[in-house]
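Remarks on the structure that follows.
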Amino acid sequence: MKLQDDVVTLAHGAGGKASRALVEQVFLPELDNPLLAPLADAALLDVKGTRLAFTTDSFVVRPLFFPGGDIGSLAVNGTVNDLAVSGARPLALSAGLVIEEGFPVADLRRIAASLARAAATAGVAVAAGDTKVVERGSADGVFVNTSGVGVVAPRVQLGPERVQPGDRVLVSGPIGDHGIAVLAARGDLKLELDLVSDCASVLRPAQRLLALGDAVRVMRDPTRGGLATTLNELATGVSIVLDEQALPVRPAVQGACEILGLDPLYIANEGKIVAIVAPEVADAARAALGRRAVVIGEVRAHDPGLVLLDTAVGGTRVVDMLVGDPLPRIC
Amino acid sequence: MKFVDEYRDRTRVQSVQRELASLVEPGRTVRVMEVCGGHTHAIYKHGLGELVPPELDFLHGPGCPVCVIPMGRVDDAIALAHQPDVIFTTFGDMMRVPGGKRSLLDAKAAGADVRMVYSPLDALAIAREEPERHVVFFGVGFETTAPATALTLLRARTLGVPNFSVFCNHVTIEPPLRTILEAPDSQVDAFIAPGHVSTIVGTRPYEFIAGQYGKPVVVAAFEPVDILQSAAMILRQLREGRAAVENQYTRVVRRNGNPTALAALAATMELRDTFEWRGLGWIERSGLKLRSAFAEWDAEERFTLPGRRIADPKACSCGKVLVGAAKPWECKVFGTACTPERPLGTCMVSSEGACAAYYAYGRRS
Amino acid sequence: MVVREGDTATAEVAGVRRSISLSLCPEAQRGDWVLVHVGFALATIDEDEAHKTLELIEELGEAW
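Chains as they are written, first to last, in the working numbering: chain A, 1 to 331; chain B, 1001 to 1365; chain C, 2001 to 2064.
What follows is the structure, encoded as structure tokens:
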């Protein structure tokens, strides 16, 4: 889509088409280089034969503290996960905080503790950091940026170009937990439900999956924009056909989506892996990804570039990429 | 989920598919129009178009209340949002609809305090929480939604809330149905009547379609089995040479509708002489406005609005699509100059519009 | 619908709870299923009618 706006709107932050347009038409023309060009979850740098994965992410979630996590754990896991699905073992993270004047130190301590716990669980150190303070009103409490670097083992080759017709698509567990949990925690829609964000490190399942070798084509962690957006990014030269009845969705997420008119396919996750693997390792991949993992679809040769859904009643529909934003400030 | 899953059951769907196959006359196309955004959405979401015999053609009428709001009225909303000390509240799906140039989302980006609410009661609650600001609620929707606004107005009056008003753009279902039936290029053989509007208005308002125009009408629920069964009921009527109003949504819709809701509407609102529907033009006695007794809570009384009329672009074929005379893909600008990101016309504007639904769910190479 | 306090009630589906107004549906009782739209219950769901609709469809199934 062509960027025609002269101001940035919340739609540009949703992770969908508008976000992509912003990146491709504002930043790429200036920054374009072969390291950035793939626009994958992490850049791959070659340092004398060793490949390093390098990634960055900023976190602006509101509310800062939500069931299942907070901006601290989110910031660590988000970056660890981008490294993990790029096939890397995380080496170190940096954390930069922009804090609003008047923000309670007690809350900052909670966030720091949470950052530390998440880093320890993921087995990575926060090796560098920075803090800045801005005037009241210039930040919403606190914004966090984390960058991460990791080592990619020599044999690992991952990327959407490796995906072939016949491959299977898997997801490691129920979708939409994070987005709905955060939305409910905001309070303005006045929904009460028992749901926690799935915010967690996916390093271990990613590493187990990588052990299956070449048969693993690509992995992603589907965050803002949901599973649908991630799959659309992966369907290059092929189509991905999903089985609606196979999609894992918790009842609370399904219920909230029915009430709000949302589709779980477009809701953010923060602790999931979507993987595309060769059909012969589908069972092993499921085992590697954990007990809630499930095969949700297949790669086909027809309708290249499209993500399709075989509906529970026997019809088929297209699952397009997200345009604007059903839920702002989820990540 | 109870009352949902049973109506999505594949075995049941297959039963109704077989019935549909037995009721069509090979080679004779039957055009069934639904006039409810919820039905448009459900048909596409579940891929029902493929599940019916080729002789059955679903047409999508002007059932999306978001889509039919004229651009000039969206600009009025934006003007309200930019008023000092105004908190402009709206349902989520109105936020991305562009007016002449910008949408409410753009206005928010430019500094207007625009907030998404789930219910008009939430907007009233904000007004009570923020007495220094004035809260305007963007009332959009057919008779399903208008009673909620009506009740909120009654509550505002009971509580004596001074800093709340409604920008009323509610519309009624019967007049556009007449417009469609009267349109010279209209090709509709039967109607699937809106399920939720009917919980309020009952089934009686549709009797003129069968009585005066001789076309079958079935009030349908929203799950796949319901929609397919309703189509089967229509085909049965056509086969038997009947034209009547039948109710498939008996679990929720009663013939007289919801008298409490109708009374609340009558107490707070009245029909405008005429109201502009995007894509359909001016339709008499089809739009609702607040009664003078509620002037204090009427945003059009409390504020002066630009009130400009902005015509749809010449390339726009929405008028034809809305009466079933053209399909989305037959419009010259579909998918090119007119996309969900940059909609030119009403059918592309909300995810429940015919063109938007087809673009999002139906487009294959 | 799980709890009723005068005009308002808590509605629940699949574990998700929301406060709703019963002003348009005063006859609703605890345990009833209701159709909810923009924070209001619009109508109660008649379980008998729901069953009748499903039976009609089952009969079709048997005919084939």
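Beta carbons: idealized from backbone N, C-alpha and C, even for Gly.
Selection of the segment 1304-1336 of chain B by Cβ proximity to chain A, strictly under 8 Å
none
So for residue 1208(B), helix, strand or coil by DSSP?
helix
Boundaries (first-last residue) of the beta strand (DSSP E) holding residue 1276(B):
1274-1277
So that I know if they touch, is there some Cβ in chain A lying closer than 8 Å to that of residue 1046(B)?
yes
With DSSP as the reference, label residue 1371(B) as helix, strand or coil.
The requested residue 1371(B) is not part of the displayed model; chain B covers only 1001 to 1365.
Compare the C-beta of residue 2053(C) with all C-beta atoms of chain A and state if any pair is closer than 8 Å.
no
I'd like to know whether the C-beta of residue 2023(C) is nearer than 8 Å to at least one C-beta of chain A.
no
Secondary structure of residue 99(A), DSSP reduced to three states
strand
Of the residues 188(A), 181(A), 186(A), 249(A), the one placed nearest residue 194(A), counting alpha carbons only:
181(A)
Spatial distance of residue 2(A) from residue 322(A) (CA atoms)
15 Å
Under a three-way DSSP split, which group does residue 1170(B) fall into?
strand
Compute the Euclidean distance between the alpha carbons of residue 104(A) and residue 1192(B), then round it to the nearest angstrom.
57 Å
CB-CB under 6 Å to residue 1133(B), same chain, minus the five flanking residues each way: which ones, in chain order?
1085, 1087
Secondary structure at residue 1040(B), three-state DSSP: helix, strand or coil?
helix
Tell me which residues share the same chain as residue 2064(C) and place their Cβ nearer than 6 Å to its Cβ, disregarding the 5 neighbours each side in the sequence.
Because residue 2064(C) sits at a pLDDT of 48, beneath the cut-off of 50, its placement in the model cannot be relied upon, and the following sentence gives the value as read from the coordinates. Nothing listed; no residue qualifies.
Coil, strand or helix - residue 48(A) by DSSP
coil
Per DSSP, what kind of secondary structure is residue 192(A) in: helix, strand or coil?
strand
Just the chain B side, please: which residues come within less than 8 Å of residue 2039(C) by C-beta, in chain order?
1118, 1119, 1120, 1121, 1122, 1148
Quick one, which of 71(A), 267(A), 88(A), 29(A) has its alpha-carbon nearest residue 50(A)'s?
88(A)
Check whether the Cβ of residue 2028(C) lies closer than 8 Å to any Cβ atom in chain A.
no
Within 10 angstroms of the Cβ of residue 2029(C), are there 16 or more other Cβ atoms? Answer buried if so, exposed if not.
exposed
7 Å Cβ cut-off: residues of chain B touching residue 2043(C)
1199, 1252, 1258
Assuming contact is defined by CB atoms lying nearer than 8 Å, are residue 1206(B) and residue 1252(B) in contact in what I supplied?
no
Report the rounded CA-to-CA distance for residue 1269(B) versus residue 1152(B), giving the unit in angstroms.
12 Å
Output needed in chain order: residues of the segment 1150-1177 of chain B with a Cβ under 7 Å from some Cβ in chain C.
1151
Report yes or no: do three or more beta-carbon pairs, one from the segment 1349-1365 of chain B and one from the segment 19-27 of chain A, lie closer than 8 Å?
no
Helix, strand or coil for residue 2064(C) per DSSP?
Residue placement at residue 2064(C) cannot be trusted, given a pLDDT of 48 that sits under 50; the coordinates are not used to answer.
Work out the CA separation of residue 1257(B) and residue 1263(B) for me, nearest whole Å.
11 Å
Could you name the residues of the same chain whose beta carbon sits closer than 7 Å to that of residue 1308(B), not counting the 5 residues immediately before and after it, in chain order?
1072, 1075
Determine, using beta carbons only, whether residue 2050(C) comes closer than 8 Å to chain A.
no
Partners in chain B for residue 2046(C), counting only beta-carbon separations shorter than 8 Å
1250, 1251, 1252
Taking Cβ positions only, does residue 2013(C) come closer than 8 Å to chain A?
yes
Would you call the CB atoms of residue 1190(B) and residue 1224(B) closer than 8 Å?
no
Between residue 2016(C) and chain A, is the shortest Cβ-Cβ distance under 8 Å, so that the two count as touching?
yes
Can residue 311(A) and residue 1214(B) be called in contact, C-beta distance under 8 Å?
no
With a 10 Å radius around its C-beta and 16 neighbouring C-beta atoms as the bar for buried, classify residue 1350(B) as buried or exposed.
buried
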